[in-house]
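First comes the structure, then the notes that go with it.
In this note's numbering, the protein residues as written are 659 to 776.
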């Protein structure tokens, strides 16, 4: 899937998310799954899914229930589109503000012609 096609279905590409997203803003992001990190400990049921949209990569956080529901689609190498909320965390390190952005996903979008964001 090419960048031009991905752009038709998302509200933010990876760099737009980093530069412009507000905390808890509703977003749709998509790209190729390049990494899936399972929860580190039993008490944490969050998976980290890294996707590449052709501009850069971003992390999408999904619950264990989400992974169970969409396990056939959330697979390395697949192109997916997540709907969720931007998670923006800013902190000051040596007088420099560092901003980390990820997405908490609550849904996986089925992409059809009617779903284009344009």
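Backbone N, C-alpha and C define an ideal beta-carbon position, used for all residues, glycine too.
* Asked: Smallest Cα separation from residue 758: which of 677, 669, 725, 698?
  -> The residue given as residue 758 occupies position 100 in the chain shown. The shortest Cα separation from residue 758 among 677, 669, 725, 698 belongs to 677.
* Look up residue 664 in the DSSP assignment and say whether it is helix, strand or coil. => Taking the first residue of the chain shown as 1, we reach residue 664 at position 6. Residue 664 falls in the helix class under three-state DSSP.
* What's the gap between the Cα of residue 736 and the Cα of residue 752? -> Taking the chain shown and counting its residues from 1, one reaches residue 736 at position 78. Taking the chain shown and counting its residues from 1, one reaches residue 752 at position 94. For residue 736 and residue 752, the distance between alpha carbons rounds to 39 angstroms.
* Asked: What is the residue span of the beta strand (DSSP E) that residue 722 lies within?
  -> Along the chain shown, read from residue 1 onward, the residue named residue 722 stands at position 64. No beta strand (DSSP E) holds residue 722; the alpha helix (DSSP H) holding it covers 722–727.
* To do: Find out if the Cβ-Cβ distance for the pair residue 720, residue 707 is shorter than 7 angstroms.
  => On the chain shown, position 62 is the one that residue 720 refers to. On the chain shown, position 49 is the one that residue 707 refers to. In this structure, residue 707 lies closer than 7 angstroms to residue 720 by Cβ.
* Verify whether the separation of the beta carbon atoms of residue 762 and residue 745 is less than 7 angstroms. => Walking along the chain shown from the start, residue 762 turns up at place 104. Walking along the chain shown from the start, residue 745 turns up at place 87. Yes, these two residues count as a Cβ contact at 7 angstroms.
* Does the Cβ-Cβ distance between residue 742 and residue 711 come in under 7 angstroms? -> Locating residue 742 in the chain shown gives position 84, counting from the first residue. Locating residue 711 in the chain shown gives position 53, counting from the first residue. Against a cut-off of 7 angstroms, the Cβ pair of residue 711 and residue 742 comes out as no contact.
* Using DSSP bridges, identify the partner residues of residue 719. => To locate residue 719, count along the chain shown from 1; it is residue 61. Residue 719 pairs with 706, 762.
* If you run the structure through DSSP and keep just helix, strand and coil, what is residue 730? -> Against the chain shown, residue 730 aligns to sequence position 72. In the structure shown, residue 730 sits in coil (DSSP, three-state: anything other than H, G, I, E or B).
* Would you kindly report the start and end of the unbroken beta strand (DSSP E) that includes residue 678? => Residue 678 sits at position 20 when you count from the first residue of the chain shown. Secondary structure note for residue 678: it is in no beta strand (DSSP E), and the uninterrupted alpha helix (DSSP H) holding it is 672–678.
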